[in-house]
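Just add 1 to wherever you are in the sequence shown, counting from 1, and you've got the numbering used here. Positions of the beta carbon are idealized from the N, C-alpha and C atoms, including for glycine. Predicted, not measured: the structure shown is a model, and the values here were computed from it. Since the structure comes first, as structure tokens, the remarks are kept for the end.
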Amino acid sequence: MGAYRSFDYAVRDGIGTVTLSRPDRLNALTFEVYGELERLAWELQADEAVRVLVLTGSGKGFCSGGDVHDIIGELQKRDVKGMLAFTRMTGAVVRNLRMLEKPVIAAVNGIAAGAGAVLALAADFRLLSDRAQFAFLFTKVGLAGADMGAAFLLPKVVGLGRATELLILGDPIDAPTAERYGLAYKVVPHEQLMEETRGLARRLAEGPRQAFGMTKRMLNNEWGMDLLTAIEAEAQAQALLLMSEDHKEVYRALTEKRPPRFTGH
2 MGAYRSFDYA VRDGIGTVTL SRPDRLNALT FEVYGELERL AWELQADEAV RVLVLTGSGK
62 GFCSGGDVHD IIGELQKRDV KGMLAFTRMT GAVVRNLRML EKPVIAAVNG IAAGAGAVLA
122 LAADFRLLSD RAQFAFLFTK VGLAGADMGA AFLLPKVVGL GRATELLILG DPIDAPTAER
182 YGLAYKVVPH EQLMEETRGL ARRLAEGPRQ AFGMTKRMLN NEWGMDLLTA IEAEAQAQAL
242 LLMSEDHKEV YRALTEKRPP RFTGH
């Protein structure tokens, strides 16, 4: 794993934690942050030391989206080819997070706006502080609400009606509303956010890695399948997992009356 300069990254007990570290700008994204997040999510697939990834922000915000000066101002100087290179890079961050066959937790400690909202959307679990807010504000700045995969992912999380509301109007919603819409796994008091996040991350890190990874893969793969294709795909996936050492370990643990010890094999 290479070094990352644009955010804080630490690994402990199988949990990799990215902390966006520009609190004075509400952790606004720069070209470098995008590029390093894309690389990290790709490299983590082969990093057996990390079983769970946590994304969070420092200070009062989770992520306020693209930096007004470092990104939006600079993009004004680009032609169509340069613009497309940028939008493809930002989408690649979400692609790599979704394709990562390890659980991803977004610990949303404050405002998640624009691209920051989509980063949280790309996670498998969104654990929210009661101070959190979401704002898919692309149309507010004259851009399409379809950005970084938002128009694909959000309807699958909250339904087409709510996604239409959030992406076209671009109005912010608070944490209780996000939970009511189905956008939050859980909302907790702000002071308890990281403790709750660590508890969930430990539970996932100690669990059956192959089972989690295959489940995430199938959730991704089956979005475009019909029922018969999905049933056959699940039959093949489950046959593989029935042969795994982790599944055999569950049987041994049951017969020996002890907790299972998962190894990821």
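- Annotation note: the stretch 178-233 contains the following uninterrupted beta strand (DSSP E) runs of length 3 or greater, listed N- to C-terminal: 187-189.
- The stretch 133-143 makes no contact with the stretch 204-224: fewer than 3 CB pairs, one atom from each, lie closer than 8 Å.
- With a cutoff of 9 Å on beta-carbon distance, Ala4 and Phe63 are scored as not near each other.
- Straight-line measurement puts the Cα of Ala179 at about 39 Å from the Cα of Tyr252.
- For Ala86, the enclosing alpha helix (DSSP H) stretches over residues Val81 to Met100.
- Between Leu38 and the set Glu49, Gly17, Ala254 and Asp25, the nearest pair of CA atoms involves Gly17.
- Close CB contacts of Glu75 within its chain, under the 8 Å cut and outside five residues either way in sequence, are with Phe32 (chain order).
- Counting C-beta atoms within 10 angstroms of its own C-beta, Glu197 has 16 or more neighbours from the protein chains shown and is therefore classed as buried.
- In the DSSP assignment, the residues bridged to Phe8 are Leu21.
- Collapsing the DSSP output to three states places Thr256 in a helix.
- When the Cα atoms are used, Leu205 and Met226 turn out to be separated by approximately 28 Å.
- When only Cα atoms are considered, Ala202 and Ser130 end up about 16 Å apart.
- Bounds of any alpha helix (DSSP H) do not take in Thr31, whose DSSP letter is neither H nor E.
- Residue environment analysis places Arg52 among the buried positions, since at least 16 neighbouring C-beta atoms fall within 10 angstroms of its C-beta.
- Taking every protein chain shown into account, the CB of Thr88 has fewer than 16 other CB atoms within 10 angstroms, so this residue is exposed.
- Pro261 has its alpha-carbon roughly 14 Å from the corresponding atom of Gln211.
- The beta carbons of Leu155 and Leu167 sit closer together than 9 Å.
- As the crow flies, the alpha-carbon of Leu54 is around 30 Å from that of Glu233.
- Closest in C-alpha terms to Leu30, from the list Ala231, Ala240, Ile72 and Ile106, comes Ile72.
- Beyond the five residues adjoining it in sequence on each side, Lys61 comes within less than 6 Å, by CB distance, of Gly111 in the same chain, given in chain order.
- Contact between Arg127 and Ala107 holds: their C-beta atoms lie close to 5 Å from each other, under 8 Å.
- Check the Cα spacing between Ser7 and each of Gly214, Leu242, Gly58 and Val109: the tightest is with Gly58.
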